[in-house]
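Residue numbers (our numbering): -16 to 117.
Positions of the beta carbon are idealized from the N, C-alpha and C atoms, including for glycine.
Here's the structure, in structure tokens; my notes come after.
Right, here's the structure in full:
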């Protein structure tokens, strides 16, 4: 994990019964859904509409390290951090906790692109200002 990261968003999500798999714990794919929901909330908090057309954020890679299995019932606290900020992208990191205990760590690189051309574009000025603010 990048040591130069800043907390940018926190949210809580219930673990649903249907999130579990045959082994009785939250399925690995659901962790990515928790990260996705947190990311969408963060992006919408920045007044960026996650809609087709024009410029917007896309994910070019995503990872998750599963430290301990999550189980129903429970509430996952998802903390999103920003690390390195580039011309058209930023690195994000995620901690997933239950009752203050870290269960998983994730990361995703977010790139702004023109959805019509598929080419990267500079981060919007207001997004850059929020990401780089101390």
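Query, Result
"Alpha-carbon to alpha-carbon, residue 47 and residue 15", "8 angstroms"
"Run of the beta strand (DSSP E) containing residue 74, from where it starts to where it stops", "72 to 81"
"Rounded C-alpha distance that separates residue -1 from residue 22", "19 angstroms"
"Contacts around residue 26, its chain only, beta-carbon distance under 7 angstroms, and the 5 residues preceding and following it disregarded", "33, 40"
"Buried or exposed (CB count within 10 angstroms, at least 16 for buried), residue 117", "exposed"
"Unbroken beta strand (DSSP E) run spanning residue 96, endpoints", "84 to 97"
"Alpha carbon of residue -15 to alpha carbon of residue 45, nearest angstrom", "For residue -15, the predicted structure reports a pLDDT of 46, less than 50, and the residue's modelled location is therefore unreliable. A value from the coordinates is still provided. So the alpha carbons of these two residues sit roughly 15 angstroms apart."
"Inter-residue CB distance, residue 182 and residue -4 (contact presumed, cutoff 8 angstroms)", "Look at the range of the chain in this structure, -16 to 117, and you will see that residue 182 is not part of it."
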